[in-house]
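K.L.:
Residue numbers (the working numbering): 47 to 353.
Cβ coordinates follow ideal geometry from the N, Cα and C atoms, glycine included.
These figures come from a predicted structure and were not determined experimentally.
Structure in structure tokens, see below.
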Ligand code: CP
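Following this line, the structure appears as structure tokens:
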């Protein structure tokens, strides 16, 4: 059984295969319209989502399969005290594959330990979001034509932003990527990313506190929102939420071929005036998320079918 819990569960070769399959789906949509006929995807979202849940559901529908599930813990038997383990065992009786989001770090991994069908982590707390990483990698590959040899700035809430943690871990296996970590001191990347990813692999990184001081050297800027739901203290959130706003003035110092990514949802971090700039990739990125999830569903179901 192959699950996707962490972005490093996939080797570089497996990631490249999924990205190539996603590109093939984009180029030949008609060839994939019934490859999951008769299969069911369950989306178990114990935490809110727009893109991840709906793109998973659209992905399965475009593959000819069906979807079932819930979009909040309130509408599931979790409110009656049912454990994640029991929920997963039961849903495995109804569905062939499960995409699960949960506010507790490690919940999808625990689900995978008792599951009879593949489990996909659709985001667990402030920890990981591996399908957003596949989305980001497909976007970088389509925008830049490569997954190596660039300088990426990651900006905003690098402490609680699970998409940042997953992306750094996945990209660390590709050649000659330089990282610029742009955050207030309260929202720096967790120490384990510094020691276990950057230092252990001799990867070049810098921590800075303003966008302006690094903008001209970036090939990619990955903006993130401050994760309100992970703060213990409302006053701290209010103080930090608008630390970084990417606008036309700041972009004057950027490269002509900069790629601006954001996993979305956006709050204030990117001015809407930037949306029409050809360097703004974030809505294309959201669309890529559907195609890469189609490729992932096919890959995991094929693997499960061989077992
Ligand atoms: N990027 C992302 O995970 O968005 P949602 O929270 O809307 O799923």
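#1: Can you tell which of 143, 97, 82 and 204 has its C-alpha closest to the C-alpha of residue 255?
#2: Given 7 Å as the limit, tell me if residue 312 has its C-beta closer than that to any heavy atom belonging to the ligand CP.
#3: Could you tell me which whole beta strand (DSSP E) segments of length 3 or greater appear in the region 49–99?
#4: Could you compute how far the alpha carbon of residue 325 sits from the alpha carbon of residue 133?
#5: I'd like to check one pair, residue 131 with residue 157: are the Cβ atoms closer than 8 Å?
#6: Going by beta carbon distance, what residues of the same chain come within less than 7 Å of residue 89, once the five residues before and after it are set aside?
#7: For the region 74–83 against the region 307–315, do three or more pairs of beta-carbon atoms, one drawn from each stretch, fall closer than 8 Å, so that the two count as touching?
#8: Fully enclosed by the region 137–197, which alpha helix (DSSP H) runs are 4 residues long or longer?
#9: Could you check whether the region 58–68 touches the region 333–341, counting it as contact only if at least three pairs of C-beta atoms, one from each stretch, sit closer than 8 Å?
#10: Pick helix, strand or coil for residue 249, following the three-state DSSP scheme.
#11: Closer than 7 Å to a non-hydrogen atom of the ligand CP - does that hold for the CB of residue 285?
#12: Taking the straight line between their C-alpha atoms, what separation do you get for residue 159 and residue 147?
P.N.:
In short:
#1: For residue 255, the closest of 143, 97, 82 and 204 by C-alpha to C-alpha distance is 204.
#2: The ligand CP has no heavy atom closer than 7 Å to the beta-carbon of residue 312.
#3: Runs of the beta strand (DSSP E) inside the region 49–99: 86–91.
#4: Cα atoms of residue 325 and residue 133: separation of roughly 43 Å, rounded to the nearest angstrom.
#5: The beta carbons of residue 157 and residue 131 sit closer together than 8 Å.
#6: Sequence-distant Cβ neighbours of residue 89 in its own chain, meaning closer than 7 Å and more than five residues away, are 99, 102, 103, 113, 115 and 145.
#7: In this structure the region 74–83 does not lie against the region 307–315, because fewer than three pairs of beta carbons, one per stretch, are closer than 8 Å.
#8: DSSP runs (the alpha helix (DSSP H)) wholly in the region 137–197: 153–160 and 176–190.
#9: Counting Cβ pairs under 8 Å, three or more are found: they touch.
#10: In the structure shown, residue 249 falls within a coil segment according to DSSP collapsed to helix, strand and coil.
#11: Not under cutoff, so the answer is no.
#12: A straight line joining the alpha-carbon of residue 159 with that of residue 147 spans about 16 Å.
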